[in-house]
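Counting in our numbering, the final residue of the sequence shown is number 255, and the numbers go up one at a time with none missing.
The beta-carbon is built from N, C-alpha and C at its ideal position, and this holds for glycine as well.
Let me begin by presenting the structure, written as structure tokens, before commenting on it.
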Amino acid sequence: MFQLRKVNRARKYLKFITNFLFKLFQLNLRYKETRTDYGIEIFEYFYLPWRSNEKFKIIYDKVSDFTLNPQSRLYTIFENSQKYLREDTVFIEVGTWKGGVCGLVSLANKEKNVEIYACDTFSGVQNSSSRDSFFKDGEYSDASADDIKKISKIVNRNIHVVEGIFPESFQNINLEKNISMAHIDVDTYISARESFEFISSRLVPGGLIILDDYGGWFTDGVTKFGEELKLIEDYISIPNHLGQLLIFKK
Ligand SMILES: C[S@@+](CC[C@H](N)C(=O)[O-])C[C@H]1O[C@@H](n2cnc3c(N)ncnc32)[C@H](O)[C@@H]1O
6 MFQLRKVNRA
16 RKYLKFITNF
26 LFKLFQLNLR
36 YKETRTDYGI
46 EIFEYFYLPW
56 RSNEKFKIIY
66 DKVSDFTLNP
76 QSRLYTIFEN
86 SQKYLREDTV
96 FIEVGTWKGG
106 VCGLVSLANK
116 EKNVEIYACD
126 TFSGVQNSSS
136 RDSFFKDGEY
146 SDASADDIKK
156 ISKIVNRNIH
166 VVEGIFPESF
176 QNINLEKNIS
186 MAHIDVDTYI
196 SARESFEFIS
206 SRLVPGGLII
216 LDDYGGWFTD
226 GVTKFGEELK
236 LIEDYISIPN
246 HLGQLLIFKK
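Printed below as a string of structure tokens:
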């Protein structure tokens with residue numbers, strides 16, 4: 006199967022095609038990329054389990070109108086939640102937008118007694134700073150607490166809504182259970198760092214935080230925060246190069 010000469014030739018073609026595609030993206034966005042560590046790469050990886058997993062496909066159909074995330078990243082959350090979201094604990098999402106991820110986690114863990122918290126300003130991205138080259142405040146301001154009520158009905162589970170800038174928005178909430186899994190999807194450095202600090206202090210050992218936007222083309226603030234996290238001894242941080250950093254508490 007593996008013939009080095011053919012593989013090398015295919016890699017050359019791929020490089021040409023992906024460079025061309027990346028130029029097209031930039032033209033379309035009227036943005037010229039100058040950073041050398043950004044581009045399109047077709048990883049030589051062809052296993053796409055989200056296409057064949059029947060349980061995932063059924064859940065995806067129910068929640069897809071309520072999330073901006075692609076199937077690949079949702080599958081990471083789906084698969085890991087079944088293992089790391091423990092009985093009698095809490096799942097929390099910061100930056101929930103219309104709540105699709107909370108819906109997905111609810112359905113993937115139907116049989117477990119867990120509490121689900123959906124946190125968002127519902128007025129868009131906050132806390133942009135000099136570390137974020139692209140985000141200004143206010144993006145994604147088109148979701149509301151009503152969307153969470155709708156998804157809650159679809160998945161038939163109570164989802165707690167926490168409105169406001171996290172973590173201030175959570176100060177008066179007394180969690181009776183520990184957090185075993187979280188999804189942070191907030192687009193800016195400060196929001197990602199503050200969300201992580203708050204959640205990680207309440208996370209069980211072995212618990213998992215998935216940091217979205219790590220490596221995203223226009224979310225460099227979150228990537229910078231992820232790079233800092235990778236150096237901290239208390240956590241095991243693994244990038245999956247789908248746009249997520251998986252962080253396990255030791
Ligand atoms: C890209 S969207 C999230 C997408 C969502 N997770 C999904 O699956 O579709 C980013 C969200 O983060 C929210 N956000 C950003 N910073 C926040 C903060 N500090 N507290 C609460 N919500 C925040 C924004 O309001 C926005 O809805």
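- Item | beta-carbon Trp55 near ligand 1 non-hydrogen atom, thresh 6 Å | By 1-based counting over the sequence shown, the position of residue 55 is 50. It does not: the Cβ of Trp55 is nowhere closer than 6 Å to a heavy atom of ligand 1.
- Are the beta-carbon atoms belonging to Gly100 and Val191 less than 7 Å from one another? Against the sequence shown, residue 100 aligns to sequence position 95. Against the sequence shown, residue 191 aligns to sequence position 186. In this structure, Val191 lies closer than 7 Å to Gly100 by Cβ.
- Which of the three DSSP states, helix, strand or coil, is assigned to Pro244? Residue mapping note: residue 244 aligns to position 239 of the sequence shown, counting from 1. In this structure, Pro244 counts as strand in the three-state DSSP scheme.
- Message: With distance defined between alpha-carbon atoms, name the residue in Glu38, Glu46, Phe7 and Arg35 nearest to Ser19.
- Response: If you number the sequence shown from 1, residue 19 lands on position 14. In the sequence as presented, Ser is not what sits at residue 19; that position holds Leu. Among Glu38, Glu46, Phe7 and Arg35, the Cα nearest to that of Leu19 belongs to Glu46.
- Task: Given a cut-off of 7 Å, decide if Ile178 and Ile164 are closer than it, judged by their beta-carbon atoms.
- Result: The residue given as residue 164 occupies position 159 in the sequence shown. The residue given as residue 178 occupies position 173 in the sequence shown. In this structure, Ile178 does not lie closer than 7 Å to Ile164 by Cβ.
- Message: My output table needs one value for Lys117: the three-state DSSP class, helix, strand or coil.
- Response: On the sequence shown, residue 117 is found 112 positions in, with the first residue counted as 1. In this structure, Lys117 counts as coil in the three-state DSSP scheme.
- Query: Using DSSP with H/G/I as helix, E/B as strand and the rest coil, what is Asp218?
  - Reply: As a first step, residue 218 is located in the sequence shown; it is residue number 213 there, counting from the start. In this structure, Asp218 counts as coil in the three-state DSSP scheme.
- Item | Candidates Phe96, Val160 and Lys229, of which the one nearest Leu208 by Cα | The residue given as residue 208 occupies position 203 in the sequence shown. Taking only the C-alpha atoms, the option nearest Leu208 is Phe96.
- Same chain, Cβ closer than 7 Å to Ser133, neighbours up to 5 away in sequence not counted: Along the sequence shown, one-based indexing puts residue 133 at 128. The residues are Phe140, Lys141, Asp142 and Thr193.
- Message: By the three-class DSSP mapping on this structure, what secondary structure does Gly211 have?
- Response: The residue you call residue 211 lines up with position 206 of the sequence shown. Strand.
- Message: Nearest by alpha-carbon distance to Phe83: which of Val119, Val110 and Ser174 is it?
- Response: The residue labelled residue 83 in the question sits at position 78 within the sequence shown. Ranking Val119, Val110 and Ser174 by Cα distance to Phe83 puts Val110 first.
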